[in-house]
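Participant: The sequence shown runs contiguously to residue 332 in UniProt numbering.
The C-beta atom is built at its ideal place from N, Cα and C for all residues, glycine as well.
After the structure tokens below, expect a handful of questions from me.
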Amino acid sequence: MVEALLQSEELLKQQAKSVFERCDLNRNGQIERDELQMLCESMHERIGLKLLNQIDLGRQLARFDDDFSGGLDPEEFVRLYKHLLQDAVGDAEERIMTLMHVIMMLPMPRAVSSGLRRALPPDPRFIRAILASEQLLQQQAGAVFVQCDRDLNGQIDRDELWGLCAALHEALGLSMQDDVSLGRRLAQFDDDSSGGLDRREFVRLYKELLQDALRREMPSPPSRRFARGDEVLAPYLGESSGRKYHALVTSVVEVGVEVLVGLRWLRPPAGLHPEEYVSGNGLDDTLCTRVPAELVEMKTSECPIDQVTLTVGTLEHGRVEAELDRRSPLSI
Numbered sequence: 001m002v003e004a005l006l007q008s009e010e011l012l013k014q015q016a017k018s019v020f021e022r023c024d025l026n027r028n029g030q031i032e033r034d035e036l037q038m039l040c041e042s043m044h045e046r047i048g049l050k051l052l053n054q055i056d057l058g059r060q061l062a063r064f065d066d067d068f069s070g071g072l073d074p075e076e077f078v079r080l081y082k083h084l085l086q087d088a089v090g091d092a093e094e095r096i097m098t099l100m101h102v103i104m105m106l107p108m109p110r111a112v113s114s115g116l117r118r119a120l121p122p123d124p125r126f127i128r129a130i131l132a133s134e135q136l137l138q139q140q141a142g143a144v145f146v147q148c149d150r151d152l153n154g155q156i157d158r159d160e161l162w163g164l165c166a167a168l169h170e171a172l173g174l175s176m177q178d179d180v181s182l183g184r185r186l187a188q189f190d191d192d193s194s195g196g197l198d199r200r201e202f203v204r205l206y207k208e209l210l211q212d213a214l215r216r217e218m219p220s221p222p223s224r225r226f227a228r229g230d231e232v233l234a235p236y237l238g239e240s241s242g243r244k245y246h247a248l249v250t251s252v253v254e255v256g257v258e259v260l261v262g263l264r265w266l267r268p269p270a271g272l273h274p275e276e277y278v279s280g281n282g283l284d285d286t287l288c289t290r291v292p293a294e295l296v297e298m299k300t301s302e303c304p305i306d307q308v309t310l311t312v313g314t315l316e317h318g319r320v321e322a323e324l325d326r327r328s329p330l331s332i
């Protein structure tokens, strides 16, 4: 996708415009340093762009800020965005060459052995059954251990673990582990610090790898949607209690893969339940803050049943007319 954007000026401008609108959080028509930092962090996660420190961010901003306004307008941003994409492509090519060198140095063959592939669960649906039975797990892990222990020394070392992860990636979609992650996995379960995993240690590691593969198969929960004007409950990030207070949604902004909800904190009505409101705790309720969407929940109006008056009228044309006392709100 990045290469396609760099080869088409029209596609690049369309993509840059979309990114600009998502990054311009304060809607002032410019991308400033903080907004540029969030963009670079998102591009680091999605396409591997190197993270920039504050000095580098300032340099990039100054390089494309032709009118010295302190930010980038849409035209200036297109040039910066193209430059960031080119940097990401260059970094990716360097990482691929390094990875290929590492793979060529490994004693493992490029193709995972058919015996190891046959020892793995044939389908992700079988993982639940294996994890639910300790006996099945022991049998499965034992068969995989025999296939992975290529040097027959009774241990699974780093290279053999890499082969297992590659097979799990092909068979079950498990994310490939980099060299650092493999080392951490090995050290986590290597109780005797031998540099490898015996059968008992391997069973625990194998169980965790299957759980990781199972989590990839589980559908992700639908993202919660909020609209401007919704009354919600959210934590005030200026304190560490994690308690949720009443707030009003002012905006919903997508930054990369994260959704941020803009909030304005509400005042307690006539001194009622001040502990449920930020301003009741002496905090400034005029602040507008942004909170990750997963921490925000909709506030539903609740009314005690004894405050609702239900009047049943007369039968008219075969139906019962009912009227709710309008003095009390009722949420259905």
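1. Between which two residues does the alpha helix (DSSP H) harbouring residue 2 extend?
2. Tell me the rounded alpha-carbon separation between residue 298 and residue 269.
3. For residue 69, count neighbouring Cβ atoms within 10 angstroms of its own Cβ and tell me buried if that reaches 16, exposed if not.
4. Look up residue 269 in the DSSP assignment and say whether it is helix, strand or coil.
5. Select from 146, 244 and 177 the residue whose C-alpha is nearest the C-alpha of residue 119.
6. Using 8 Å as the threshold, is the C-beta distance between residue 201 and residue 212 below it?
7. List the DSSP bridge partners of residue 289.
8. Taking contact to mean 3 or more Cβ pairs, one atom from each stretch, closer than 8 Å, check whether the segment 153-171 and the segment 181-200 are in contact.
9. What are the start and end residues of the alpha helix (DSSP H) that includes residue 62?
10. Give the straight-line distance between the Cα atoms of residue 295 and residue 230, rounded to the nearest whole angstrom.
11. What separation, rounded to the nearest whole angstrom, lies between the Cα atoms of residue 24 and residue 166?
12. Let's test the definition: count the other Cβ atoms within 10 Å of the Cβ of residue 136 and tell me whether it reaches 16, buried, or not, exposed.
13. Starting from residue 252, follow its DSSP beta bridges and name the residues at the other end.
14. Look up residue 247 in the DSSP assignment and say whether it is helix, strand or coil.
15. Who does residue 235 pair with in a DSSP beta bridge?
16. Indicate the three-state DSSP secondary structure (helix, strand or coil) for residue 32 in the structure shown.
17. From the DSSP secondary-structure annotation, give me the bridge partner or partners of residue 156.
18. List the residues that DSSP assigns as beta-bridge partners of residue 298.
19. Assign residue 72 to one of three DSSP states: helix, strand, or coil.
20. Would you check if there are 3 or more beta carbon pairs closer than 8 Å linking the segment 10-26 to the segment 52-69?
21. Straight-line CA distance for residue 140 to residue 35?
22. Cβ atoms of residue 64 and residue 45: under 8 Å apart, would you say?
23. DSSP state of residue 175, grouped into three classes?
24. Could you check the C-alpha separation between residue 78 and residue 241 for me, to the nearest Å?
25. If we count the other Cβ atoms within 10 Å of its Cβ and call it buried at 16 or more, is residue 176 buried or exposed?
26. Let me know the secondary structure DSSP gives residue 82 once reduced to three states.
27. Using the rule of at least 16 other Cβ atoms within 10 Å of the residue's Cβ for burial, across every protein chain shown, is residue 163 buried or exposed?
28. Which residue wins for smallest C-alpha separation from residue 61, given the options 149, 31 and 192?
29. Do residue 261 and residue 291 have their beta-carbon atoms positioned less than 8 Å apart in this structure?
Facilitator: Let me lay it out:
1. For residue 2, the enclosing alpha helix (DSSP H) begins and ends at 2-7.
2. The straight-line gap from Cα to Cα measures roughly 19 Å.
3. With fewer than 16 Cβ atoms within 10 Å of its Cβ, residue 69 is classed as exposed.
4. In the three-state reduction of the DSSP assignment, residue 269 falls in the helix class.
5. The option with the nearest alpha carbon to residue 119 is 146.
6. Cβ atoms of residue 201 and residue 212: not closer than 8 Å.
7. Bridge partners of residue 289: 263.
8. Yes, the segment 153-171 is in contact with the segment 181-200.
9. Here the alpha helix (DSSP H) through residue 62 covers 54-64.
10. Using only the alpha carbons, I get a separation of about 15 Å.
11. Looking at the two C-alpha atoms, the distance is approximately 41 Å.
12. An exposed status is given to residue 136, since fewer than 16 other beta-carbon atoms sit within 10 Å of its beta-carbon.
13. According to DSSP, residue 252 bridges with 261.
14. Residue 247 sits in a strand when the DSSP states are folded into three classes.
15. For residue 235, which the question treats as bridged, DSSP gives the partners 244.
16. Shown here, residue 32 sits in coil according to DSSP, grouped into three states, outside any helix or strand.
17. Under the DSSP definition of a beta bridge, residue 156 partners with 197.
18. As DSSP reads the structure, residue 298 sits in a beta bridge with 232.
19. In this structure, residue 72 counts as strand in the three-state DSSP scheme.
20. Segments in contact, no.
21. Distance between the alpha carbons of residue 140 and residue 35 is about 49 Å.
22. For residue 45 and residue 64, no; Cβs fall outside 8 Å.
23. Correct three-state label for residue 175: coil.
24. Rounded to the nearest angstrom, the two C-alpha atoms are 42 Å apart.
25. Flag for residue 176 reads exposed.
26. Residue 82 sits in a helix when the DSSP states are folded into three classes.
27. Per the 10 Å Cβ criterion, buried.
28. Checking every option, the nearest Cα to that of residue 61 belongs to 31.
29. A Cβ-Cβ contact shorter than 8 Å links residue 291 with residue 261.
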